[in-house]
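Going down the list, the sequences are from chains A and B. So for the first sequence, my numbering puts the first residue at 873; every next one is plus one. So for the second sequence, my numbering puts the first residue at 20; every next one is plus one. Cβ atoms here follow ideal geometry from the backbone N, Cα and C, with glycine treated the same way.
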Amino acid sequence: MIGAQRQGGFTIFLTFVVALVLTMLPLPDWGEAMRPEWVALVLIYWCIALPLRVGVFIGWIVGLFLDVASGALLGQNAIALAFVAYLAIKLHLRIRLFPLWQQAMSVLVLVALYQMITLWIKGMIGATTQGWSYWLHSVSSMMLWPVVFTLLRFLRRNYKVR
Amino acid sequence: MVIDHRQHHLESIRATLSLVIYPLQYAVSLPFSAADWAGEKLSTREKLLEENAQLRMQQKLMMAQLQKLSALKVENIRLRELLKSSKNITEHVLIAELLAVDMEPFTRKIVINKGSADEVYRGQPLLDAEGVMGQIIHVNPFSSTAMLITDPNHAIPVHVNRNGLRAIALGTGAPDVLDIPYLPNSADIEEGDLLTSSGLGGRFPRDYPVAKVTTVVKDPSKPYAVVKAKPTALLETSREVLLVWSQESPRNTDNANTGEAQSPPAATPGSALDSETNDDDTMTGVNP
């Protein structure tokens, strides 16, 4: 049923690479505080658009690379992203039908969950975090969702990723 | 998996994954190093001449100070021989460059472009021209991750340069604040005191500047004084860092004669550009 139709894996791979690069890009302090969770955004998009291709396992792998890139505890982002991917796939039929702003709200919830899991893990290993500004990442992710969505949809259609 | 990581069984996996990440990190930092390079290439001749003159001046000053230093070093060796207390070690230094990549928010970590290929090891101290910066926490083949002394998980044993009072400097997560806890209100510490690494614990070499005390609040109703300090190293702006190998590393085995009375002038006063002598007591060598 799926077989022969799969293509554009390279495009998916490339979007994740770009997301990782954007995550590592040095920014001034205010930009750092506002930095959206690029990897989570891209993962959510692919989970909604192509739930048969991108899922928990891909999320886990990408999360491992994110851990290494950001010097976090190995597995911290992996488990959080795997969880986000699971939820996104569970909800993909519903989210697909939402208008863009409503999608952005769901993305806010998903990214906030992702942040909450990493926060728990950080709390368990005794890392301190600075109050409410931590959640700005979720808010900026929500703001950028329409842009990310349109861009990735364009890429998906243009390169016929199926 | 997380628990496993605490025992550091996964370092090899991390190192392997980092091989894939390294080109990305390199690519991210490329525009920044390119900008540096272009800035150097495009600077005018007068500017270079000016800088050259300035550096020459600086070098003369340094040389003058160095003369005194070698005399002091000789004296120090003689005194230590009298005390029969410790040995000299030669420290080997390597310059590494920062990769301009951002790490996890709220932690203070940096990536440098030297790894196990250059015999970097875990726990290795990292300095810059002004003081101690931090230590290596992950070693990958071509890069490594270092934790700065301002990271909330970092602590470094220090002593007050003026009187040898021992303390611990904890990172706070803020870019230029260190916390000095557990000092009683009666402790002799003042604003402006220089804190140097005490070498206790054996991880950091002794007597490198770490921080300057900025505030001391002694509240009689609290058991301990609240002491804050500012790191002397330029943690946020340094592009080049120094990696230090001290005695345990395989790199310098040339200095084995500890008991014999070595003739003082031969004791490497500036023998190589990148090495300097420093004395490192074991745990017994606490200041009076």
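Residue i and residue j closer than 7 Å at C-beta
i         : j         : result
A/Leu972  : A/Pro898  : no
A/Leu936  : A/Ala950  : yes
B/Ser217  : B/His178  : yes
B/Asp198  : B/Thr215  : no
B/Thr171  : B/Gly134  : With the sequence shown as reference, residue 171 of chain B is identified as Pro, and Thr is not the correct amino acid for it. Result no, Cβ atoms of B/Pro171 and B/Gly134 do not sit closer than 7 Å.
A/Val862  : A/Phe888  : Residue 862 of chain A lies beyond the residue range present for chain A, which begins at 873 and ends at 1034; the question has no answer from this structure.
A/Pro900  : A/Ser1012 : no
B/Asn180  : B/Leu213  : yes
B/Ser48   : B/Leu113  : no
B/Lys247  : B/Thr234  : yes
B/Ile131  : B/Ala115  : yes
A/Tyr1031 : A/Thr883  : yes
B/Arg127  : B/Thr169  : yes
B/Lys231  : B/Lys249  : yes
A/Ala954  : A/Ile989  : no
B/Ser162  : B/Val139  : no
Exposure of residue i, with buried meaning 16 or more beta-carbon neighbours within 10 Å
i         : result
B/Leu101  : exposed
B/Asp55   : exposed
B/Glu70   : exposed
B/Gly211  : exposed
B/Leu80   : exposed
B/Gln78   : exposed
B/Val39   : exposed
A/Leu938  : buried
A/Leu945  : buried
B/Thr35   : exposed
A/Gly1003 : exposed
A/Trp918  : buried
B/Pro42   : exposed
A/Ser942  : buried
B/Ser241  : Checking the displayed sequence, the identity of residue 241 of chain B turns out to be Lys instead of Ser. Its Cβ having fewer than 16 others within 10 Å, B/Lys241 is exposed.
B/Asp207  : exposed
B/Pro224  : buried
A/Ile997  : exposed
B/Ala186  : buried
A/Leu886  : exposed
A/Ser978  : buried
A/Gly947  : buried
Which of helix, strand or coil DSSP assigns to residue i
i         : result
A/Tyr1031 : coil
B/Ala285  : Note on B/Ala285: pLDDT 37, under 50, position unreliable in the model; the coordinate value appears next. Of the three classes helix, strand and coil, the one that applies to B/Ala285 here is helix, per DSSP.
B/Ser381  : Past the edges of chain B, shown from 20 to 307, lies residue 381 of chain B, and the structure says nothing about it.
B/Ala252  : coil
B/Arg258  : coil
B/Arg185  : strand
B/Gly150  : strand
B/Ala193  : coil
A/Ile874  : Low local confidence applies: a pLDDT of 47 at A/Ile874 is under 50, so the model's placement there is unreliable, with the coordinate-based value given in what follows. Coil, per DSSP.
A/Pro1018 : helix
B/Gly142  : coil
B/Lys241  : coil
B/Ala115  : strand
A/Thr883  : helix
A/Val890  : helix
A/Leu1023 : helix
A/Leu862  : Beyond the ends of chain A as shown, which are 873 and 1034, falls residue 862 of chain A; an answer cannot be given.
Cβ separation of residue i and residue j, assumed to be a contact under 8 Å, to the nearest whole Å
i         : j        : result
A/Ala905  : A/Leu980 : Incorrect: roughly 17 Å between the Cβ atoms, too far for contact.
B/Ala165  : B/Ile175 : At roughly 13 Å, the Cβ-Cβ gap does not stay under 8 Å, so B/Ala165 and B/Ile175 are not in contact.
B/Ser37   : A/Val940 : 5 Å
B/Pro200  : B/Leu189 : 6 Å
B/Leu146  : B/Val263 : 6 Å
A/Ile916  : A/Leu985 : Rounded, the Cβ-Cβ distance is 11 Å, inconsistent with contact.
A/Val911  : A/Leu892 : 6 Å
B/Leu167  : B/Gly150 : 12 Å between Cβ atoms; not a contact.
A/Arg968  : A/Ile920 : 6 Å
A/Phe1021 : A/Gln975 : 7 Å
B/Gly142  : B/Arg222 : 6 Å
Continuous alpha helix (DSSP H) stretch holding residue i: start and end
i        : result
A/Asp939 : Val928 to Ser942
B/Ala206 : No alpha helix (DSSP H) contains B/Ala206, which DSSP labels as neither H nor E.
B/Ala83  : Arg64 to Leu102
B/Thr35  : Glu30 to Leu61
A/Lys994 : Leu972 to Met996
B/Val120 : Premise fails: B/Val120 is in no alpha helix (DSSP H) and is neither H nor E.
A/Ala952 : Gln948 to Lys962
A/Ile916 : Trp910 to Ala921
A/Glu904 : Asp901 to Met906
Residue range of the beta strand (DSSP E) that includes residue i
i        : result
B/Ile129 : Lys128 to Ile131
B/Lys231 : Pro228 to Val236
B/Ala174 : Ala174 to Val179
B/Thr215 : Leu213 to Ser216
Contact residues within the segment 44 to 57 of chain B, judged by C-beta distance below 9 Å to chain C: In the structure shown, chain C does not exist; the protein chains are A and B.
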